[in-house]
Amino acid sequence: MSRILRASLALVTVTALVACSASEDPDGATAEESRSPRTDEPMPEVPAGLEDVYGQSLSWEDCGNGFDCTDVTVPLDWEEPDGETISLAVKRRAAGADEPVGSLLINPGGPGGSGVQLVEAAPLMFSADLLDGYDVVGFDPRGVGASTPVDCVSDPELDEMRSEDFDTSTEEGMAAFTAAADELAAACEENSGELLPYVDTVSAARDLDVLRHVLEEPRLDYLGYSYGTHLGAVYAELFPENVGRMVLDGALDPSLSSDEIVLGQAAGFERAIRAYAEDCLAGGGCPLSGDVDTAVGQVRDLLELASHTPLETGTDRKLTAPLMFSGIIMPLYDDAYWMLLTSALDAAMNQQDGSQLLFLADLAAEREEDGTYLTNSNEANIAINCIDYPVEGGPKEWREQAAELEKISPTFGPALAYGDVTCAAWPHEPRVERAPVSAAGAEPIVVIGTTGDPATPYPWSEQLAEQLESGVLVTYEGEGHTAYGRADDCVTDAVDGFLLEGTVPEDGLVC
77 MSRILRASLA LVTVTALVAC SASEDPDGAT AEESRSPRTD EPMPEVPAGL
127 EDVYGQSLSW EDCGNGFDCT DVTVPLDWEE PDGETISLAV KRRAAGADEP
177 VGSLLINPGG PGGSGVQLVE AAPLMFSADL LDGYDVVGFD PRGVGASTPV
227 DCVSDPELDE MRSEDFDTST EEGMAAFTAA ADELAAACEE NSGELLPYVD
277 TVSAARDLDV LRHVLEEPRL DYLGYSYGTH LGAVYAELFP ENVGRMVLDG
327 ALDPSLSSDE IVLGQAAGFE RAIRAYAEDC LAGGGCPLSG DVDTAVGQVR
377 DLLELASHTP LETGTDRKLT APLMFSGIIM PLYDDAYWML LTSALDAAMN
427 QQDGSQLLFL ADLAAEREED GTYLTNSNEA NIAINCIDYP VEGGPKEWRE
477 QAAELEKISP TFGPALAYGD VTCAAWPHEP RVERAPVSAA GAEPIVVIGT
527 TGDPATPYPW SEQLAEQLES GVLVTYEGEG HTAYGRADDC VTDAVDGFLL
577 EGTVPEDGLV C
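Residue numbers (the numbering used here): 77 to 587.
Here it is, written out as structure tokens:
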């Protein structure tokens, strides 16, 4: 993807809900009784002055295929809870058991990922036991998807931004890139300016506590992937006494700066492309040749070729270098997709056909064949990151970091550079500082790290587990991003035992 839309600070029908303090809405519809066996536990005290926000009564509506949907209303600005409001889309898949453990809230990451979409895919990702034991509840965080969304550009404009390449090694190229960043920031401000200052993770974590309360859960049971681990960790820091059974898979260390994140990811993806190349060379039908260094060099040469001569795709769109970069990165998130990368590279290298890599790039960006985008994840990703991470340095420091990125990752470093240019143009300043979390007093929090994770490198999970006062580290020795739902039975059993039975895994468990 283009530098301007990179996700390296890393991939519905609803009903209205009226704020009120009673258990009935104005139309007389009564919220169903809690399905959680924890109803004998006292509900945490509602924060003073937020009685109307927390006192909402859910009115679920059947939204097809076995799901129920609703909306939840939260303040736009948590510092002015009686001011303007926004809505959060919520979608639930009911548990198979008559007496489930309770509600499990889930977040797929991003930032900008849709929990509403994730709950629809729950049968493909979660164990049958987990689906039987929990009401699985997906939600779109503020600014995302079917909730009150960030909106910046049209779909055709997003196509152009994703494909546009800039030669940032030249003054002219950098000026063009900076101008594009300015145009994007201006478009976001024009179309979503009122929302942009308030899509930060701290505000989203406060929303999460409202969701816990209106679901009538005394504590939050939560499964978050990738950026979802950051959201969960921030929640635990804000509301440690409300933490229930929390699993953070593919952890993002909340104390890291944007520079530290992009440097870690550059190293992670370079390691991943080498692991892929080694596997490809050992199998049949691999378009790469020679040793691993030579094979990765061939991928690098292909990216360089696309920067000068974009590949044909059989459509009116050509595969530019940023789109090729995205198409190569996407399968590195899961080694089950490596065969797709092999086929796509074979078509590109031996037939000058970029169609398969374009398909993978579009899959990562949630672009449909007709040119529409399923969600606003690309725009939300930028908006959330730019309000969460302070810009560091200026042009001189950015060029120094670009050189370091290329040294760490000759394959992907150049495409990951200059992310601060986008956020430097942003019309609103970050609302928080980067800092460690401890969540002092929280129940045990399980952190899962995958040793070969390219997007959230394993040391970040170690660091988060160490920061959390009650952190418990589970390690999955394997490739790809995150573990639960795609790793072995060891991970599944550890997570299911914790969420369903409250059995805390052994700290340091290796699967």
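C-beta: ideal position from N, C-alpha, C; glycine also.
- Using 8 Å as the Cβ pair cut-off and three pairs as the minimum, do the region 184 to 196 and the region 209 to 222 touch? yes
- Task: Select from Glu442, Pro466, Asp258, Gln341 the residue whose C-alpha is nearest the C-alpha of Pro535.
- Result: Gln341
- Message: Given this structure, state the Cα-to-Cα distance separating Ala570 from Val580, to the nearest angstrom.
- Response: 8 Å
- Item | For Met415 and Val368, the rounded distance between their alpha carbons | 17 Å
- Message: Tell me the rounded alpha-carbon separation between Leu576 and Val177.
- Response: 7 Å
- Message: In this structure, how does DSSP classify Asp138 when only helix, strand and coil are distinguished?
- Response: strand
- Are there 16 or more other CB atoms within 10 angstroms of the CB of His289, so buried, or fewer, so exposed? buried
- Buried or exposed for Val586, please, with buried defined as at least 16 other CB atoms from any protein chain shown within 10 angstroms of its CB. exposed
- Query: Where Leu234 and Glu545 are concerned, what is the direct C-alpha to C-alpha distance, given to the nearest angstrom?
  - Reply: 42 Å
- Consult DSSP for Gly435 and reduce its assignment to one of helix, strand or coil. It should be noted that the sequence gives Phe, not Gly, for residue 435. Phe435: helix per DSSP, three-state reduction.
- Query: Any idea which residues DSSP pairs Phe215 with across the strands?
  - Reply: Val166
- Got a sec: does the ligand ADP put a non-hydrogen atom nearer than 7 Å to the Cβ of Gln193? This structure lacks the ligand ADP; in fact it carries no ligand of any kind.
- Message: At 4 residues or longer, what runs of the alpha helix (DSSP H) sit wholly inside the region 521 to 573?
- Response: 534 to 543
- chain C beta carbons: is any one of them nearer than 8 Å to that of Leu287? This model lacks chain C altogether; it includes just one protein chain.
- Query: Is there contact here, the region 126 to 135 with the region 244 to 263, by at least three beta-carbon pairs under 8 Å?
  - Reply: no
- To the nearest angstrom, report how far apart Asn141 and Leu364 are at their CA atoms. 44 Å
- Item | Range of the contiguous alpha helix (DSSP H) that encloses Ser268 | 247 to 268
- Message: According to DSSP, simplified to helix, strand and coil, what is Cys587?
- Response: coil
- Query: Going straight from the alpha carbon of Gly525 to that of Leu387, what length do you get?
  - Reply: 37 Å
- Query: Among residues of its own chain, excluding the 5 on either side of Val323, which ones have a beta-carbon nearer than 6 Å to its beta-carbon?
  - Reply: Leu299, Val522, Val571
- Message: Taking its Cβ as the centre, do 16 or more other Cβ atoms sit within 10 Å of Lys472, making it buried, or is it exposed?
- Response: exposed
- Task: Report the rounded CA-to-CA distance for Gln132 versus Tyr210, giving the unit in angstroms.
- Result: 22 Å
- Query: Roughly how many angstroms lie between the CA atoms of Glu313 and Val548, to the nearest whole one?
  - Reply: 16 Å
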